[in-house]
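*Asks:* Heads up: the sequence shown begins at 10 in the numbering used here, then just goes up one per residue.
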Amino acid sequence: MILTLQIILVITSLLMGLSVLLHKGKGGGLSSLFGGGMQSNLSGSTVAEKNLDRLTVGTAVIWLLALVGLNLVLHYGLA
């Protein structure tokens, strides 16, 4: 049980980091340093961006549940 939750936690951590890095910059900050500020924002949100947002939120929820579950198992010794 503990090993399963730890594996889920590592995988979701990597997926969350990757999905956050794939997001398009909203202007200003470090994203404009690498040329992200030169694009026009007239097109709005695309389907790919919305799906990436859903993937990021879903991964964050699974990560949070695995974290809480792992803490409960380790604290109460349920395994």
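Cβ atoms here follow ideal geometry from the backbone N, Cα and C, with glycine treated the same way. Remember, predicted model here, so these are calculated numbers, not experimental data.
For the candidate residues S28, V70 and L23, whose alpha-carbon lies nearest to that of E58?
*Replies:* For E58, the nearest C-alpha among the options comes from S28.
*Asks:* Among V77, L12 and H32, which one has its Cα closest to the Cα of T55?
*Replies:* Closest by alpha carbon: H32.
*Asks:* Could you check what DSSP says for T65 in three-state terms: helix, strand or coil?
*Replies:* Helix, per DSSP.
*Asks:* Do you know whose CA, among H84, Y85, W72 and G86, lies nearest L14's CA?
*Replies:* When only C-alpha atoms are compared, the closest one is W72.
*Asks:* Go through its chain and collect everything with a Cβ distance to N80's Cβ below 8 Å, but skip five positions before and after it.
*Replies:* There are no such residues.
*Asks:* Beta-carbon within less than 7 Å of T65's beta-carbon, same chain only, minus the 5 sequence neighbours each way: which residues are those?
*Replies:* Result list for T65: M25, S28 and V29, in chain order.
*Asks:* What would DSSP say about V56, mapped onto helix, strand or coil?
*Replies:* Note: V56 maps to helix in three-state DSSP.
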